[in-house]
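Novice: Its first residue numbered 917, the sequence shown is counted upward by one per residue in the numbering used here. We treat Cβ as the ideally placed atom computed from N, Cα and C, and that holds for glycine.
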Amino acid sequence: MRLKDRVALVTGASSGIGEAIAARFAAEGAHVCVNYRPGSPPDEAAAKRAVEGFGTRGIAVEADVSRREDVERMVAETVAAFGRIDIAVNNAGIEIKRPFLEQTDEEWHRVLDVNLYGAMVVSQAAAREMVKQGTGGKLIFVSSVHEDIPFPGYTSYCASKGAIRMMMRNLAMELAPHRINVNDIAPGAIATPINRYVLEDPEAMKNAVSEIPWGRFGRPEEVAGVAVFLASDDAEYVTGSTYYVDGGLTQQVTLY
Ligand code: NAD
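Structure, rendered in structure tokens:
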């Protein structure tokens, strides 16, 4: 058990990558706060189902990461339930496809509020607790290969993920004296609900897979494995880095 008795909070943990990270953390002995967004009965049901499987080591907490009061309540509920917080995984994220010339302010702010502001405020609330505890901690961001490579039609998403990369690097420096490790996981194409539109379209799937050297989509569990490493003592000297989990996608350059 690599995370025995650690306390972790995972945002957007009712589906996809977040769900897999929460399950793997629990299997590694952690106490886990499974966050789900308000106003979605399927997310609420999935989060509650997940924590049933964790026994007394899980709580499901409804919170919109883009609202500071929700986030502060969620961190307080985690500390009230388990006495501390050691690991925060900023996984919640959304994307809206929109050609740049048609981009609305409302859509821009929605994506940046959830993906970037949400990650900032969760990190800040968790890090303040970690500093108070005085025993270090781990902040992990689930960013994207699109923190680095362009994705036409998704400017707000790319802007949010690129900004997460720089925020992660800054926090790694500011929080190093407190022994808080800060790292990014940048997934490539992972089979989760966010990619439903590709997964359900055989032609789009064929095109997408042809761009991936490994020849297939990744599985959420393959991202969770890297999250366990970054949350564990094995990552003691690892901070300020991006870990790509992308089957080689970012290395793919097609010239002909
Ligand atoms: P997903 O849609 O299953 O997961 C996103 C989760 O975020 C959902 O559970 C959703 O309810 C939650 N969420 C959305 N808004 C929220 C809010 N305001 N407050 C709290 N939770 C909220 O898709 P996923 O692929 O598991 O995505 C997880 C993360 O991985 C996202 O940040 C996404 O950008 C990133 N990512 C995914 C892929 C991929 O190919 N699947 C690739 C790169 C990065």
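Is the closest heavy atom of the ligand NAD to the C-beta of S956 under 7 Å?
Specialist: Yes, since a heavy atom of the ligand NAD falls inside the 7 Å radius drawn around the Cβ of S956.
Novice: What does the alpha-carbon distance come out to for the pair A929 and V1030?
Specialist: So the alpha carbons of these two residues sit roughly 14 Å apart.
Novice: Please classify H1025: is it buried, with 16 or more other beta-carbons within 10 angstroms of its beta-carbon, or exposed?
Specialist: Looking at its Cβ environment, which holds fewer than 16 other Cβ atoms inside 10 Å, H1025 is exposed.
Novice: If you follow the beta strand (DSSP E) that T994 is part of, which residue opens it and which one closes it?
Specialist: Segment 984-998 is the alpha helix (DSSP H) holding T994; no beta strand (DSSP E) there.
Novice: Which of the three DSSP states is assigned to N1099 in this structure?
Specialist: Correct three-state label for N1099: strand.
Novice: Can you tell me whether N951 is helix, strand or coil according to DSSP?
Specialist: Three-state result, N951: strand.
Novice: Helix, strand or coil for K1077, going by three-state DSSP, please let me know.
Specialist: In this structure, K1077 counts as helix in the three-state DSSP scheme.
Novice: So, Y1172 versus A1102, is the Cβ gap smaller than 8 Å?
Specialist: No.
Novice: Assign S1126 to one of two classes, buried (16 or more other C-beta atoms within 10 Å of its C-beta) or exposed (fewer than that).
Specialist: Classification for S1126: exposed.
Novice: For V1038, is the beta carbon positioned less than 7 Å from some heavy atom of the ligand NAD?
Specialist: Not so, every heavy atom of the ligand NAD lies at least 7 Å from the Cβ.
Novice: Check whether the Cβ of G934 sits closer than 7 Å to any heavy atom of the ligand NAD, and report yes or no.
Specialist: G934 Cβ: within cutoff of the ligand NAD.
Novice: Pull up the distance between the alpha-carbon of D897 and that of D980, whole angstroms please.
Specialist: It is not possible to answer for residue 897, since the shown part of the chain is limited to 917 through 1172.
Novice: Which residues does DSSP pair with N1006 in a beta bridge?
Specialist: In DSSP, N1006 forms a bridge with F1057.
Novice: Assuming G971 is part of the alpha helix (DSSP H), what are its boundary residues?
Specialist: Neither: G971 is in no alpha helix (DSSP H) and is coded neither H nor E.
Novice: Would DSSP call G932 helix, strand or coil?
Specialist: Three-state DSSP puts G932 in a helix.
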